[in-house]
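Engineer: Here it is, the structure in full.
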Amino acid sequence: MSNRPDIRLIRALVQSSFPDLAHAKIRSARTHGTDNYIYRIDNDLALRIARSDESAPALICREQVALKELNDLSLQTPKFLARGLLPKPDNRPWVICTWLEGKSAELAAYKATEADAKRLALFLLDLQGCRKEPASEPAPDNHWRGVGLAKRDTPTRKAIVTLSDEFDAAKLRRLWHASVNAASCPRRDYTWIHGDPHTGNLVFSEGALTGVIDWGLSAIGDPACDLMAGYTVFEGAARDAFANAMKASEADWLRGRGWALSTSVIALAHYRGGDTPIVARSRAILQNLLAETA
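Okay, so the sequence shown: first residue is 0 according to numbering that gives the first Met the number 0, each after it adds one.
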C-alpha cells in the first residue's frame with residue numbers, strides 16, 4: 000500500500016483544477032476508507048486518492064461513474080467535480096467531489112430510527128430504478144458486491160473458522176447456510192446497488208439521515224446486497240421498519256442477512272488486531288446478528 004500523499008502535493012492538485020482555491024484550507028479527513036485517502040478542501044469539497052493500484056479501478060470505474068450519474072435521488076450523494084492522476088511514479092487516480100454536510104452515524108455514535116429506516120429504503124428503491132447502463136458488473140475491485148452468495152462461500156467459511164475463537168462458529172455457519180441456499184435473484188432483476196451500506200457511509204444532519212457516501216463498491220447486482228443495512232445500520236423496530244418499507248421477500252431478506260454476515264466476518268478476519276473503524280464495526284454487527292437471531 001502506498002504512503003499517504005504529502006499535503007503539499009494535495010494543494011498543488013487542488014490549485015491545478017481550481018485556481019480560485021489557491022488559499023483553501025486543506026486537511027486530512029478524520030477518517031479514511033480502506034481503499035482511499037480522503038482530504039477536506041475548505042468545508043464543502045473532498046479529494047479522494049486511491050491508496051493502492053488495487054483500489055484504483057473502484058475509484059475510476061465505480062465511484063466516479065456513480066457520482067456523475069446519481070444526481071436526483073431522495074438522499075444527497077456527493078457530486079463529481081474533477082479527476083486526475085498523481086505525478087509519476089505513483090500515477091494513482093484522484094477525484095474531487097462535494098463534501099456532504101453532517102457526520103456519519105459511526106462518528107456521531109447515532110442510533111438510526113424508524114424514520115431513518117424509511118428514508119434509506121426510499122433511497123435504495125430510487126437507486127434500483129436508475130438506468131443500469133453506466134454501472135459496472137461485480138468484480139474483484141468491488142469485492143464482488145452484488146454477486147450470488149455462493150461465489151462468496153469459500154472465503155466466508157474460511158473467515159468463520161478464523162473467528163471461531165471469538166464467535167459461535169456453528170451458529171454462524173447455520174446462518175450462512177440459510178442465506179446461501181435462499182432462492183437466488185435472476186440476473187434480469189439485477190439493479191444499481193450501493194454495495195456498502197453501513198454506519199460509516201450514511202450521513203446524518205440535524206438528527207436525521209440526509210446522505211449516502213462512498214460509492215467505490217457500487218455495481219449492477221442483486222439488490223438484496225443493500226438489504227444488509229438491516230443488520231449493518233438498524234436494530235429492533237428500525238430494522239422491521241426498513242424491511243417493511245423495502246417490501247423484501249423472505250429469500251431477499253435472507254440474502255441480505257448473508258451479505259451482512261459475509262462482509263463482516265471477512266473484514267474482521269482480515270483486519271482484526273488493527274485499529275481501523277472496520278474492526279469495531281464488523282465485530283458489533285456480528286454480535287448483534289447472533290444476538291437477534293437466537
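Ideal Cβ placement from N, Cα and C applies to all residues, glycine included. Here the structure is a predicted model, which means the values were calculated and not measured.
So, for residue 131: in the same chain, excluding its five sequence neighbours on each side, which residues have a beta-carbon less than 8 Å away from its beta-carbon?
Structural biologist: Excluding residues within five positions, the ones whose Cβ falls inside 8 Å are 189, 190, 191 and 219.
Engineer: Using CA coordinates, which residue listed in 246, 205, 214 and 199 is at the minimum distance from residue 231?
Structural biologist: When only C-alpha atoms are compared, the closest one is 199.
Engineer: Identify every residue that forms a DSSP beta bridge with residue 210.
Structural biologist: In DSSP, residue 210 forms a bridge with 75 and 202.
Engineer: In terms of residue numbering, what span does the alpha helix (DSSP H) encompassing residue 289 cover?
Structural biologist: First-last of the alpha helix (DSSP H) with residue 289: 276–291.
Engineer: For residue 62, does the count of other Cβ atoms within 10 angstroms reach 16, so buried, or fall short, so exposed?
Structural biologist: Residue 62 comes out buried.
Engineer: Residue 101: which of 123, 94, 86 and 76 sits nearest, CA to CA?
Structural biologist: Among 123, 94, 86 and 76, the Cα nearest to that of residue 101 belongs to 76.
Engineer: For residue 195 and residue 213, which I take to be in contact (beta-carbon distance under 8 Å), what is that distance rounded to the nearest angstrom?
Structural biologist: Contact holds; Cβ gap of about 6 Å.
Engineer: Determine the direct distance from the alpha carbon of residue 201 to that of residue 105, and round the result to whole angstroms.
Structural biologist: Rounded to the nearest angstrom, the two C-alpha atoms are 8 Å apart.
Engineer: If contact is defined by three or more beta carbon pairs under 8 Å, each pair taking one atom from either stretch, is the segment 262–270 in contact with the segment 279–286?
Structural biologist: Contact between the segment 279–286 and the segment 262–270 is present, because at least three Cβ pairs lie under 8 Å.
Engineer: Suppose you measure from the CA of residue 292 to the CA of residue 259; what does that come to, to the nearest Å?
Structural biologist: So the alpha carbons of these two residues sit roughly 13 Å apart.
Engineer: Ignoring anything shorter than 4 residues or poking outside the segment 86–172, list the alpha helix (DSSP H) runs there in chain order.
Structural biologist: As far as the segment 86–172 is concerned, its whole alpha helix (DSSP H) runs of at least 4 residues are 104–107, 113–127 and 152–161.
Engineer: What are the residues that DSSP puts in a beta bridge with residue 37?
Structural biologist: Looking at the DSSP assignment, residue 37 forms a beta bridge with 47.
Engineer: DSSP three-state label for residue 21, please.
Structural biologist: In this structure, residue 21 counts as coil in the three-state DSSP scheme.
Engineer: Out of 40, 13, 34 and 15, state which residue places its alpha-carbon closest to the alpha-carbon of residue 24.
Structural biologist: Ranking 40, 13, 34 and 15 by Cα distance to residue 24 puts 40 first.
Engineer: Give the straight-line distance between the Cα atoms of residue 178 and residue 136, rounded to the nearest whole angstrom.
Structural biologist: Cα to Cα, residue 178 sits roughly 22 Å from residue 136.
Engineer: Can you find the residues in the same chain that come closer than 7 Å, C-beta to C-beta, to residue 43, ignoring five residues on each side of it along the sequence?
Structural biologist: So the qualifying residues of the chain are 97 and 98.
Engineer: First and last residue of the alpha helix (DSSP H) that includes residue 57?
Structural biologist: Here residue 57 belongs to no alpha helix (DSSP H), and DSSP marks it neither H nor E.
Engineer: Say whether the segment 67–83 touches the segment 164–177, bearing in mind that this needs 3 or more beta-carbon pairs closer than 8 Å, one atom from each stretch.
Structural biologist: They do not touch, by the three-pair rule.
Engineer: Considering only their Cβ atoms, is the gap separating residue 29 from residue 94 smaller than 8 Å?
Structural biologist: Cβ atoms of residue 94 and residue 29: not closer than 8 Å.
Engineer: Out of 27, 64 and 252, which one is the CA nearest neighbour of residue 6?
Structural biologist: For residue 6, the nearest C-alpha among the options comes from 27.
Engineer: Quick check: the Cα distance between residue 149 and residue 187, rounded to an integer number of angstroms?
Structural biologist: Their backbone Cα atoms lie some 18 Å apart in a straight line.
Engineer: Just verifying my parser: in three-state terms, what is the DSSP assignment at residue 273?
Structural biologist: Coil.
Engineer: Could you check whether residue 144 and residue 261 sit closer than 8 Å to each other, using their CB atoms as the reference points?
Structural biologist: The answer is no: Cβ separation not under 8 Å.
Engineer: Would you mind working out which of 269, 154, 245 and 253 sits nearest residue 121, comparing C-alpha positions?
Structural biologist: When each option's Cα is compared against that of residue 121, the closest is 245.
Engineer: Where are the beta strand (DSSP E) runs, 3 residues long or more, that stay fully inside the segment 245–271, in chain order?
Structural biologist: Counting only runs of 3 or more, we get nothing.
Engineer: Would you list the residues sitting across from residue 220 in a DSSP beta bridge?
Structural biologist: Looking at the DSSP assignment, residue 220 forms a beta bridge with 190.
Engineer: Residue 233 and residue 111: beta carbons closer than 8 Å?
Structural biologist: Yes. Within cutoff.
Engineer: Name the residue from 215, 206, 50 and 248 whose alpha carbon lies nearest to the alpha carbon of residue 142.
Structural biologist: When each option's Cα is compared against that of residue 142, the closest is 215.
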